[in-house]
Amino acid sequence: WLETHAVPLRDEGNAIIAALGITRDITEQRKAEESLHRSEALYHDLVETSQDLIWQCDAQGRYVYLNPAWEAVFGYKVEEMVGKRFADFQTPVQAEQDSREFARLLKGNQVKGYETVHRGRDGREIHLVFNAKFVRDSAGKITGTRGTAYDVSERKRTEHAVKEREFWIRESQR
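Numbering-wise (the numbering used here), the sequence shown opens with residue 17 and increments by one.
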């Protein structure tokens, strides 16, 4: 790959008599751009097809990005959730607790394995495990958070059913 820049040279009568130009080899730059494009396409495909919840919030806790997996878990269209605060999908008590954790993230901390509860469109509890980190702008200022989450609601229901069954077995043996 070559890149050329040229300008005409003119005589006193303004007739073009030659061209002055510079040509440089941009093969390595072009290869790097193609590699970046392939990498971005791979990243996009993985995020958009992931069953895990992938998200980003601004510094006020408003969702600015949600991958399509959110629709299957929450029952809302992504467009209905983007722009709203994560607390809009929680009980006030849970939102207060998660807001404290969110404030820690905005101070430069990370979260791994943080369990919380949200509410789906139909009102059901959605038990989630979050991994998150802060996001910085080009000036280094923390501007929000991003991360992944996964739905553990079925596991929580199973654990509850097992505990309840164990309770009734103990009660029946008395």
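All C-beta atoms, glycine included, are put in the ideal place defined by N, C-alpha and C.
_Range covered by the beta strand (DSSP E) that runs through T39_ = Element bounds for T39: 32-41.
*Within the region 69-116, ranges of the alpha helix (DSSP H) (whole runs, at least 4 residues)*: Along the region 69-116, the alpha helix (DSSP H) occurs as fully enclosed runs of 4 or more residues at 85-90, 94-97, listed in sequence order.
*Any contact of the region 167-187 with the region 91-99, i.e. 3+ C-beta pairs under 8 Å?*
Below 8 Å, too few C-beta pairs join the region 167-187 and the region 91-99 to call them touching: fewer than three.
*asked:* Using 8 Å as the threshold, is the C-beta distance between A75 and G136 below it?
replied: No.
_Contacting residues, own chain, Cβ-Cβ under 6 Å from R40 (five flanking each side not counted)_ = Taken in chain order, the residues that qualify are E19.
_Coarse secondary structure for E175, derived from DSSP in three states_ = If DSSP states are grouped into helix, strand and coil, E175 belongs with the helices.
*So what does DSSP say about V168, is it helix, strand or coil?*
When secondary structure is reduced to three states using DSSP, V168 falls in the coil class, being assigned neither helix nor strand.
*Are the Cβ atoms of R162 and V151 separated by less than 8 Å?*
In this structure, R162 lies near V151, with their beta-carbon atoms less than 8 Å apart.
*For H21, does the count of other Cβ atoms within 10 angstroms reach 16, so buried, or fall short, so exposed?*
H21 counts as exposed, since fewer than 16 other beta carbons sit within 10 angstroms of its beta carbon.
_Exposure of Q67, with buried meaning 16 or more beta-carbon neighbours within 10 Å_ = Its Cβ having fewer than 16 others within 10 Å, Q67 is exposed.
*asked:* I need the straight-line Cα distance from R173 to Q45, nearest angstrom please.
replied: Answer to the nearest angstrom: the Cα atoms are 54 Å apart.
*Bridge partner(s) assigned by DSSP for F150*: Answer is T161, bridged to F150.
*Report back the beta-carbon spacing between H213 and Q113 to the nearest angstrom; my notes put them in contact at under 8 Å.*
One cannot answer for residue 213 here, as it falls past the ends of the chain, which runs 17 to 190.
*asked:* Just verifying my parser: in three-state terms, what is the DSSP assignment at A22?
replied: Per DSSP, reduced to three states, the secondary structure at A22 is strand.
*Report the option in A31, W17, N30, A35 whose CA atom is closest to the CA atom of P24.*
Closest by C-alpha distance to P24, out of A31, W17, N30, A35, is A35.
*Would you mind giving the Cβ-Cβ distance between S169 and E141, rounded to the nearest angstrom? I have them listed as a contact below 8 Å.*
Under the criterion of beta carbons closer than 8 Å, S169 and E141 qualify as touching, at roughly 7 Å.
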